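Q: Can you keep this structure in mind? I'll have questions shortly.
Structure representation (structure tokens):
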């Protein structure tokens, strides 16, 4: 949508089976509060709804850059309205784009804007893009992909101020230098939408804390970006902000809630997926499955990190933790299955030796 | 059931392969191959899920 290749008509959700399910929508009415003990949800318009089961799926909101309120030309990217607002800036002739944050949102915005022929600068405080997720080696692959495509990638440097009269004119960096800008897109992460849950009886700690089965309290489950739960497969309490998990966890949480209502044994409802997502940048499709740490070992199993396509595995303590690939999506799907079965590091090394 | 892929839309995300590897395979050339154009009945539900989940809406079925 950012490049104008797709219109809004192509990104709608598939038609819901409302008639069959008898769903009543309360659109435009925010949830304002929750009382878990009383099983009561209060709404922003003053009404309360009693429930037998509740799914918390309030998502997350993008962090904003402090001091940019009221300055036009500064955007986050989360909703359709955000995309349309950025599109309007581009249609109005924005030529110089500064992207704050070289995460997946920032990298994709940078790639889209370069594809449109705009001047793009990325500003990222970490030594390499995504260094905290993918480590420096893979991070440097992403940095050079963007440099090769003409992006001015500024690493290890932060934003001091965004300046302009009414609308943005320049971004001042922490080294005192500045970059002229017509458009600034800020991609510095998200915060789970949990403020309405204060005093609800749910445990909120960087998301709604659930048990291994996505249950947050009797009669309450959580799913998607807002939910944090112990994923047994990775021995980690995690919150996952990706599309695939939003779908899978929602379905799982609904089944879990129904099972609770029927009084079933919860042990059959442990949620332990291998997180999976991808990111399209230029002619590259980057895919990641699993949960790497930047300190994990990294072994290339196909192609090379400096080539147009490759597949590599992360691992620690004798076990594989994640697979990453560029333009080799099929490999990721196969390794994702293997990761779910506890893929050993020995097997990864054998795969690497066989190529 | 007959499976069809619009290769102008397909971007080889391999979501379909994750759901129904008996029918969909993305190979190392990064193209999607249909292994069974007319999959047996026991795979129909998963093929329909693959259709629904394709992020590019590139798969369709004729029933």
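Residue numbers (my numbering), protein chains in the order written: chain U, 4 to 358; chain Z, 80 to 142. Using N, Cα and C, we set each Cβ at its ideal position, and we do this for glycine too. Just so it is clear, the structure is predicted and the values come from calculations on it, not from any experiment.
Under a three-way DSSP split, which group does residue 174 of chain U fall into?
A: In the first chain, residue 174 of chain U corresponds to position 171, counting from 1. Reduced to three states, the DSSP call for residue 174 of chain U is strand.
Q: If you follow the alpha helix (DSSP H) that residue 94 of chain U is part of, which residue opens it and which one closes it?
A: By 1-based counting over the first chain, the position of residue 94 of chain U is 91. Start and end: 83-94.
Q: Ignoring anything shorter than 3 residues or poking outside the stretch 7-39 of chain U, list the beta strand (DSSP E) runs there in chain order.
A: DSSP runs (the beta strand (DSSP E)) wholly in the stretch 7-39 of chain U: 34-38.
Q: Since residue 105 of chain Z and residue 93 of chain Z should fall inside the 8 Å C-beta cutoff, what is the C-beta to C-beta distance between them, to a whole number of angstroms?
A: Locating residue 105 of chain Z in the second chain gives position 26, where the first residue counts as 1. Locating residue 93 of chain Z in the second chain gives position 14, where the first residue counts as 1. 4 Å between Cβ atoms; contact.
Q: Suppose the cutoff is 6 Å on Cβ atoms and the five residues either side in sequence are ignored; what does the same chain contact list for residue 110 of chain U look like?
A: Here residue 110 of chain U corresponds to residue number 107 of the first chain, with the count starting at 1. So the list reads 284, once near-sequence residues are dropped.
Q: If you compare alpha carbons, which of U:39, U:73, U:48 is closest to residue 30 of chain U?
A: In the first chain, the residue the question calls residue 30 of chain U occupies position 27. Of U:39, U:73, U:48, the residue nearest in Cα terms is U:48.
Q: Please report the straight-line C-alpha distance between residue 73 of chain U and residue 186 of chain U, rounded to a whole angstrom.
A: Along the first chain, read from residue 1 onward, the residue named residue 73 of chain U stands at position 70. Along the first chain, read from residue 1 onward, the residue named residue 186 of chain U stands at position 183. Cα to Cα, residue 73 of chain U sits roughly 14 Å from residue 186 of chain U.
Q: Examine chain U for any beta-carbon lying closer than 7 Å to the beta-carbon of residue 99 of chain Z, and answer yes or no.
A: Working through the second chain from its first residue, we reach residue 99 of chain Z at position 20. Cβ-Cβ to chain U under 7 Å: no for residue 99 of chain Z.
Q: Taking the straight line between their C-alpha atoms, what separation do you get for residue 288 of chain U and residue 306 of chain U?
A: Residue mapping note: residue 288 of chain U aligns to position 285 of the first chain, counting from 1. Residue mapping note: residue 306 of chain U aligns to position 303 of the first chain, counting from 1. Rounded to the nearest angstrom, the two C-alpha atoms are 14 Å apart.
Q: Could you tell me which uninterrupted beta strand (DSSP E) segments, each at least 3 residues in length, are contained entirely in the stretch 113-149 of chain U, listed from first to last along the chain?
A: Listed in chain order, the complete beta strand (DSSP E) runs (minimum 3 residues) inside the stretch 113-149 of chain U are 122-127.
Q: Going by beta-carbon coordinates alone, are residue 154 of chain U and residue 113 of chain U separated by less than 7 Å?
A: As a position in the first chain, residue 154 of chain U is number 151, starting the count at 1. As a position in the first chain, residue 113 of chain U is number 110, starting the count at 1. Yes.
Q: Under a three-way DSSP split, which group does residue 264 of chain U fall into?
A: On the first chain, residue 264 of chain U is found 261 positions in, with the first residue counted as 1. Here residue 264 of chain U sits in helix by DSSP.
Q: Would the stretch 312-319 of chain U and the stretch 331-347 of chain U be scored as touching if the rule is three or more Cβ pairs under 8 Å?
A: Touching, yes, given that three or more Cβ pairs across the two stretches are closer than 8 Å.
Q: Please list the residues of the stretch 99-120 of chain Z that have a C-beta atom closer than 8 Å to any C-beta atom in chain B, keeping them in chain order.
A: The chain labelled as chain B is not found among the protein chains of the depicted structure, namely U and Z.
Q: Could you list which residues in chain U have their beta carbon closer than 8 Å to that of residue 90 of chain Z, in chain order?
A: The residue labelled residue 90 of chain Z in the question sits at position 11 within the second chain. Here the neighbours are 283, 288.
Q: Does any CB atom of chain Z fall closer than 7 Å to the CB of residue 83 of chain U?
A: Here residue 83 of chain U refers to the residue found at position 80 of the first chain. Answer no: the Cβ-Cβ gap between residue 83 of chain U and chain Z never drops below 7 Å.
Q: Decide if residue 109 of chain Z is buried, meaning its Cβ has at least 16 other Cβ atoms within 10 Å, or exposed.
A: The residue labelled residue 109 of chain Z in the question sits at position 30 within the second chain. By the 10 Å Cβ count, residue 109 of chain Z comes out buried.
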